[in-house]
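Numbering (full-length UniProt numbering), first residue to last: 1 to 175.
See below:
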C-alpha cells in the first residue's frame, strides 16, 4: 500500500470515530447538577447586595451536626466558596465592613454561629481558607424553622441576609 492510501484510510477511520462519539454525546440527556449555582440579590437601604452560591439539597440527610459538623469552618454553600458583594460600606451586626466582594464562611454551633467575611473572594470551598484574610467576624443566633427548606437558599431582605436550609434559618443584620 502506498503512503497516500494509508493516510486516507487513517483519516477516514478517525473521522468515523469522531462523528460517532460526537453523535453519542449529543444524544445523552444532561444530568442535573447536585448543587446548582444560584444568586440572591436585593437592596439594603441604598446598598446593592449580591450573594452567589451553590445550592446543595438535604436529600434526607441530617445537615447540622451531621453533613456540616458543628465547630468547623463551612463554605456556606457547596463547590466554590459563597461570595457576597456590597456596593457601599455597611454595618453587619453593628460592625463596619467596607464595600467590596467577600467570601462568606460560617462556623455553626448549636447555640450561635460565627459569620465570616473573608477578603479572598475566589476560593474553592474552605480548603484554603485563611483566617488572616478575614475582614469581619460576627456572631448571630440561628432559628429553628418548622418548614423544611430542601435546597440551601439565601435571601436579601431590608434588614440583612438570611440563610435557610433544612430546618434552620440564620439571619444576619445588615444596615
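Built from N, CA and C at the ideal position, the CB exists for glycine as well.
Distance between beta carbons of residue j and residue i, contact taken as under 8 angstroms
i           : j           : result
residue 74  : residue 117 : The pair is not a contact, with the Cβ atoms about 14 angstroms apart (cut-off 8 angstroms).
residue 35  : residue 78  : 4 angstroms
residue 53  : residue 154 : 6 angstroms
residue 97  : residue 89  : 7 angstroms
residue 55  : residue 38  : 5 angstroms
residue 128 : residue 145 : Wrong, their Cβ atoms sit about 32 angstroms apart, outside the cutoff.
residue 81  : residue 126 : 7 angstroms
residue 91  : residue 33  : In fact, because the Cβ distance is near 35 angstroms, the residues do not count as touching under 8 angstroms.
Per-residue DSSP class, three states only, for residue i
i           : result
residue 128 : coil
residue 28  : At residue 28, the pLDDT of 40 sits below 50, so the modelled position is not reliable; the number obtained from the coordinates is stated separately. Correct three-state label for residue 28: coil.
residue 71  : coil
residue 94  : coil
residue 54  : strand
residue 63  : coil
residue 87  : coil
residue 33  : coil
residue 40  : strand
residue 45  : coil
residue 100 : strand
Same chain only: Cβ atoms within 6 angstroms of residue i, ignoring 5 sequence neighbours per side
i           : result
residue 84  : 51, 102 and 104
residue 112 : 139 and 141
residue 119 : 133 and 135
residue 48  : 87
residue 164 : 149 and 153
residue 93  : 138 and 173
residue 24  : Here residue 24 scores only 39 on pLDDT, less than 50, and its place in the model should not be relied on; the value that follows carries that caveat. None.
Proximal residues to residue i (C-beta, below 8 angstroms), its chain only, five neighbours per side dropped
i           : result
residue 148 : 58, 166 and 167
residue 67  : 61
residue 63  : 165, 166 and 168
residue 130 : 118 and 120
Beta-carbon contacts of residue i that lie in its chain and below 7 angstroms, excluding the five residues immediately before and after
i           : result
residue 159 : 173
residue 114 : 106, 107, 137 and 139
residue 99  : 86, 87, 88 and 89
Min CB distance residue i to chain B below 9 angstroms
i          : result
residue 49 : In the structure shown, chain B does not exist; there is a single protein chain.
Hey, which unbroken runs of the beta strand (DSSP E) at 3 residues or more fall wholly within the stretch 102-173? 113-118, 134-140, 143-157 and 160-173
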